[in-house]
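Here is the structure we will look at, set down as structure tokens.
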Amino acid sequence: DEGIGDRKAKSPKVPDSNNLSEYFKQFLFPENECELHDFKLSFSQLKWDNWIVAPRRYNPRYCKGDCPRLLRHRYGSPVHTMVQNIIYEKLDSSIPRPSCVPAKYSPLSVLTIETDGSIAYKEYEDMIATRCTCR
Amino acid sequence: SQTLEDEAGSLISGEASLEAKPQPWDQPLDGENSPDLLPPLLKVLVNSHVPGAPRLQPDSIALRYMKRLYKAYATKEGIPKSDRGHLYNTVRLFTPSAQHQQSSWGQVTGVLQSMDLLFNLDRIAAPEHLLKSVLLYSLKNSVSFSSATKCMCYLDVKEPECSSSPCFRSPQSFTFNLQFEFRKNHKWIEKDVTTLLQPLVASNKRNIHIAVNFTCYKDQPNPVQDELFDVAILMAPSLLVYLNDTSAQAYHRWDSLRYKGSHQLLPDQRDPMEEELIWGRKSSRHRR
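If you read the protein sequences in the order shown, they are chains P and V.
Residues are numbered in the numbering used here as their position in the first sequence, beginning at 1, plus a constant of 10.
Residues are numbered in the numbering used here as their position in the second sequence, beginning at 1, plus a constant of 233.
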């Protein structure tokens, strides 16, 4: 930087060190980045509590948010996702950007009353989203 | 949820623009052999168009037992606890649809009691394979025995007499006797009847007739307790079946264990194909 014009005018305003991560975040990750959100529902809201005895509350969770442009290291996204992003940005914006979707699930145990009055305990696969990804 | 149900309804009636190929929900939903492709929760969405199917109320004591089982098997959020080593992902409790019982009371031998129970197991779906089944006796809280009380129980499990024309097969009946003890403060007594039920459920018999005769006697006769004792064992047993649901939407603990790395599995739990592969590789290495 020696002797190159007025130092102040040239160099970008660099924030003081304590909110450096905030400063960089604006370049790398969108404000509302793709991540997991809670949605707690009780089966009585769906009028299913006459046959689902347990659990009382069920949180299936969901994925929401924008997919950042540099996907690879953060979401384990395949290279195709970056290609789709480039197509959207450089070639044809009618092609959708990568979407924020669940990548992993966990099972749910349900206790139900059957129509014949018998009682069933069952474990269902893929009922709670546990991780998000961009695809 | 209204729009959601409408959408589900239009999907079912085929109004929505779907590809030509038949969709899973085109199958008859309630047919006995219909592949259970729709997760039961979605099925409720579909069926909620028709006025909710009437539901018989379960036995309150049975419901209390199943809630206790649920707490033992799942967390408050409903996540199956991973510390369970067995492979069943479904437990069904049936109360007898018809029962006839009579008991006589002998001063010397205690109570002799016989019950005729009919269980309808239609809710056991085709992909559900029986792993274990028990007769579940519940004792009233008020009863507590000063001494261990022994019972000899004779079970007769048969297919109900066939109602149609001459039976092609004489009704199968298995008799075996059980010895069990009512102990102090026991609320539930479970007796394993897997060997009896397995052949019937495997051959798709869904109406099971169980005749139970048991005699209970106590170490020292004590008139005061007799009426308590008599009441205690009048409760008709429920039938508990532990099943492995092999359908796609059921949770297969076995799969998740395997994903965690087959080396953690006990040798006998490993997939036989995998076993062969491993041994095959080792033996070829030795030969080399």
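Each residue gets a CB set at the ideal place from its N, CA and C atoms; glycine is no exception.
Predicted, not measured: the structure shown is a model, and the values here were computed from it.
Asked	Found
Under 7 angstroms Cβ-Cβ, which residues of chain V neighbour Y68/P?	G311
Secondary structure at I105/P, three-state DSSP: helix, strand or coil?	coil
Do you know how far the Cα of D349/V is from the Cα of L388/V?	10 angstroms
S128/P CB to nearest chain V CB: under 7 angstroms?	yes
Could you please give the first and the last residue of the uninterrupted alpha helix (DSSP H) stretch that includes P432/V?	T427 to A435
What's the C-alpha gap between A446/V and K420/V?	Looking at the sequence provided, one finds Asn at residue 446/V rather than Ala. Whole-angstrom Cα-Cα distance: 21 angstroms.
Output yes or no for whether 7 angstroms exceeds the beta carbon distance between E361/V and L473/V.	no
Roughly how many angstroms separate the alpha carbons of T328/V and D355/V, rounded to a whole number?	13 angstroms
Of all the options A295/V, P313/V, H442/V and I294/V, which has the alpha carbon lying nearest to the alpha carbon of E135/P?	P313/V
Tell me which residues share the same chain as D59/P and place their Cβ nearer than 8 angstroms to its Cβ, disregarding the 5 neighbours each side in the sequence.	S52 and F53
P112/P and E133/P: beta carbons closer than 7 angstroms?	no
Can you check which of these residues, L363/V, D292/V and L372/V, is closest to V426/V by C-alpha distance?	L363/V
Take D292/V and list the residues in its own chain whose beta-carbon comes closer than 8 angstroms to its own, dropping the five residues that flank it on each side.	T328 and S471
Any C-beta of chain P within less than 8 angstroms: which residues of the stretch 351-365 of chain V qualify?	N353, D355 and R356
Does T323/V come out as helix, strand or coil in the three-state DSSP assignment?	strand
Could you tell me the distance, in whole angstroms, from the CA atom of S281/V to the CA atom of V324/V?	Any reading at S281/V must be qualified, since the residue scores a pLDDT of 47, below 50, and its modelled position is unreliable; the value itself is stated next. Their Cα atoms are separated by approximately 25 angstroms.
Helix, strand or coil for H90/P, going by three-state DSSP, please let me know.	helix
Measure the alpha-carbon distance for A465/V versus V434/V and round it to whole angstroms.	In this prediction, A465/V has a pLDDT of 48, which is less than 50 and means its spatial position is unreliable; what the coordinates show is noted afterwards. One C-alpha to the other measures close to 30 angstroms.
For a contact meaning CB atoms closer than 8 angstroms, what does T143/P contact in chain V?	Going along chain V, no residue has its Cβ under 8 angstroms from T143/P, so there is no contact; the nearest lies around 17 angstroms.
Within the 7 angstroms Cβ cut-off, does Q327/V reach chain P?	A quick correction: the sequence has Phe, not Gln, at residue 327/V. For F327/V, the answer is yes, since a Cβ of chain P falls inside 7 angstroms of its Cβ.
Can you check which of these residues, G311/V, H319/V, I441/V and A481/V, is closest to L368/V by C-alpha distance?	I441/V
Which residue from T143/P, C142/P, M137/P and R141/P puts its Cα closest to that of Y484/V?	M137/P
Starting from L302/V, trace the beta strand (DSSP E) both ways and give me its first and last residue.	Per DSSP, L302/V belongs to no beta strand (DSSP E); it is in the alpha helix (DSSP H), S293 to Y306.
At the level of alpha carbons, what is the spacing between R145/P and P78/P?	11 angstroms
Tell me which same chain residues have a C-beta within less than 8 angstroms of the C-beta of I357/V, skipping the five on either side of it?	R325, L363, V434, R439, V474 and L476
Measuring straight from C-alpha to C-alpha, what distance separates L121/P and N322/V?	12 angstroms
Grab the span of the beta strand (DSSP E) containing D316/V for me, first residue to last.	Unbroken run through D316/V: none, as it is neither H nor E.
Could you round the C-beta distance between P70/P and A139/P to whole angstroms and report it? I think they count as a contact, below 8 angstroms.	7 angstroms
Which class does L118/P belong to by DSSP, given the choice of helix, strand or coil?	strand
Counting only Cβ pairs nearer than 7 angstroms, list the residues of chain P close to P470/V.	In chain order: nothing, as chain P lies at least about 14 angstroms away.
Does S54/P have its Cβ less than 7 angstroms from a Cβ in chain V?	no
Helix or strand or just coil, what does DSSP make of E310/V?	coil
Listed in chain order, which residues of the stretch 103-115 of chain P have Cβ atoms closer than 7 angstroms to some Cβ of chain V?	none
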